[in-house]
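See structure below.
Numbering (this note's numbering), first residue to last: 96 to 546.
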């Protein structure tokens, strides 16, 4: 009878975890949906393309400018007074002109081109970083849903065990075996579990909303990781090598380095604002005039020469704008140092985190095995009368807690793995494929806001 009760309890626990195990999206499918629907990534892509236009806009100031002008005018002359309304004379004038200007020396424009080129490179690196961030955000949101769902699953399983313990305590109290305080303690534990379940259900709802923000979809099931998760240690197995790689390859660092270069070129651009500008000018124009007696006059004009524009005094504009550019450079340099420190910190903490989580998961495996052995021993003791049903339920709760801890640590290991790859900007779809291969069973859930 005792074994049958435990089988019913375990069947209820497993069915709550595997119910509705129909079609479930995996990590690759969710990522593809995020790639197509994430508004943050879409903004990053459009912003990148927008900044790309900065370079041709800057280059346009140093390229040939062509202006074509045409005119057509008819003039009338009236007698005075106007009441006579007689036209005394008129003439018709029309013509066109073509003007070509080619800058020869324009240092501000040249420095602007250099600054724009660096800005585009910074934007490109930032966009590549946003691609990495999309992968990381998708992985975090995906497994956060499963993390919360696992927590809820074990809380529900534990609640069933505590409820049986409460029922057994009430029966014993009615028989006079135990005091009422034991019933109160069991009821308090059950109420505490109910509160934990409500919190976990709300957390699941929030986690699904966070995933919806990225993909634009709500999910009823997702594929979960295997209980025997492959534990891969970072290669190379030296933290300094990973830090060096992060310094050299991290897209955020690269982007900020180009921002510093762009700010430096902007200083040169502003400082050269008062220098002479030399340009070549060539043109041709033709004007024709026809009077009322059909006399025609044609005037042709050709222009070829050099123009020198020099504006050394601009009311303090050059000095002020140069100072502003220098402050912008200092800001960019400080931002580079900030990003560098952040990346180094993430690389180090992620590397250490992976090592720690591997050790933690291995310990969790031992705890689960010990909890199972303890449960088996307690059941054996119940059979011979040395243990009670309360002891069995307590051992079962310990097993649930150990399995929950193992699941949470496995998700944390994946987060640390992805964080290290992102810090070195080596995170790719291939990593998603690897992680996706660790998923082996679907998990269904029913959020509160769908009721």
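Glycine included, each C-beta is placed from N, C-alpha and C at the ideal position.
Bear in mind the structure is a predicted one, so any value in this text is a computation, not a measurement.
Check                                                                                                                                                     : Outcome
If you check the beta carbons only, do residue 349 and residue 220 fall under 7 Å apart?                                                                  : yes
Nearest CA to the CA of residue 532: which residue from 480, 407, 143 and 318?                                                                            : 318
Can you tell me which of 411, 504, 438 and 404 puts its alpha carbon nearest to the alpha carbon of residue 449?                                          : 504
With a cut-off of 8 Å on the beta carbons, I'd call residue 518 and residue 442 a contact; round off their distance for me.                               : 4 Å
Considering Cα atoms alone, identify which of 141, 351, 523 and 298 is closest to residue 240.                                                            : 298
Quick one: using the 10 Å Cβ neighbour count with 16 as the cut-off for buried, is residue 468 buried or exposed?                                         : exposed
List the endpoints of the continuous beta strand (DSSP E) containing residue 536.                                                                         : 534 to 539
Along the chain, which unbroken stretches of the beta strand (DSSP E) at least 3 residues long are found entirely within the segment 135 to 215?          : 160 to 173 and 182 to 200
With which residues is residue 379 paired in a DSSP beta bridge?                                                                                          : 193 and 397
What do you reckon, are the CB atoms on residue 242 and residue 506 nearer than 7 Å?                                                                      : yes
Between residue 311 and the rest of its own chain, which residues show a CB-CB distance below 6 Å, the 5 nearest in sequence each way excluded?           : 132
Would you say residue 445 and residue 515 are within 7 Å of each other, going by their C-beta atoms?                                                      : yes
Note down the Cα distance separating residue 114 from residue 120, rounded to an integer number of angstroms.                                             : Bear in mind that the predicted position of residue 114 carries a pLDDT of just 41, short of 50, making it too unreliable to give a figure here.
Here's the rule: buried if 16 or more other CB atoms are within 10 angstroms of the residue's CB, otherwise exposed. What is residue 253?                 : buried
Which of helix, strand or coil does DSSP assign to residue 372?                                                                                           : strand
Taking the straight line between their C-alpha atoms, what separation do you get for residue 284 and residue 463?                                         : 23 Å
Give the C-beta separation of residue 194 and residue 155 to the nearest angstrom, bearing in mind that I take them to be a contact with Cβ-Cβ under 8 Å. : The pair is not a contact, with the Cβ atoms about 17 Å apart (cut-off 8 Å).
Based on Cα-Cα distance, which residue from 376, 346 and 232 lies nearest to residue 307?                                                                 : 232
Taking only the alpha-carbon atoms, compute the straight-line gap between residue 116 and residue 534 and give it to the nearest angstrom.                : Summary for residue 116: the model assigns pLDDT 41, below 50, so the residue's position carries little reliability; its value from the coordinates is reported in the next sentence. So the alpha carbons of these two residues sit roughly 14 Å apart.
Provide the residue span of the alpha helix (DSSP H) that contains residue 130, from first to last.                                                       : 122 to 132
Any contact between the segment 425 to 433 and the segment 480 to 492? By contact I mean 3 or more CB pairs, one from each, below 8 Å.                    : no
Could you check if residue 215 is buried or exposed, using at least 16 other CB atoms within 10 Å of its CB as the buried criterion?                      : buried
Whole-angstrom Cβ separation of residue 439 and residue 338, contact assumed at under 8 Å?                                                                : 6 Å
Could you tell me the distance, in whole angstroms, from the CA atom of residue 205 to the CA atom of residue 372?                                        : 11 Å
Short check: CB of residue 153 to CB of residue 208, under 7 Å?                                                                                           : yes
Does DSSP classify residue 443 as helix, strand or coil?                                                                                                  : helix
So, under 8 Å CB-CB, residue 336 and residue 453 are touching, yes? Tell me the CB distance rounded to an integer number of Å.                            : That belief does not hold up - the Cβ atoms of residue 336 and residue 453 are roughly 18 Å apart, past 8 Å.
Please state the DSSP three-state secondary structure of residue 501.                                                                                     : helix
Considering only C-alpha positions, which residue in the set 150, 126 and 192 is nearest to residue 396?                                                  : 192
Looking at C-alpha atoms only, which residue of 151, 168, 257 and 196 is the closest neighbour of residue 402?                                            : 196
Using the three-state DSSP reduction, which class does residue 232 fall into: helix, strand or coil?                                                      : helix
Report yes if the CB atom of residue 419 is closer than 7 Å to the CB atom of residue 190, and no otherwise.                                              : no
On the DSSP bridge assignment, give the partners of residue 315 in chain order.                                                                           : Paired residue(s): none; residue 315 is not in a bridge.
With a Cβ-Cβ cutoff of 7 Å, do residue 203 and residue 374 count as a contact?                                                                            : no
Let me check one thing: in DSSP terms, what residues is residue 402 bridge-paired to?                                                                     : 374
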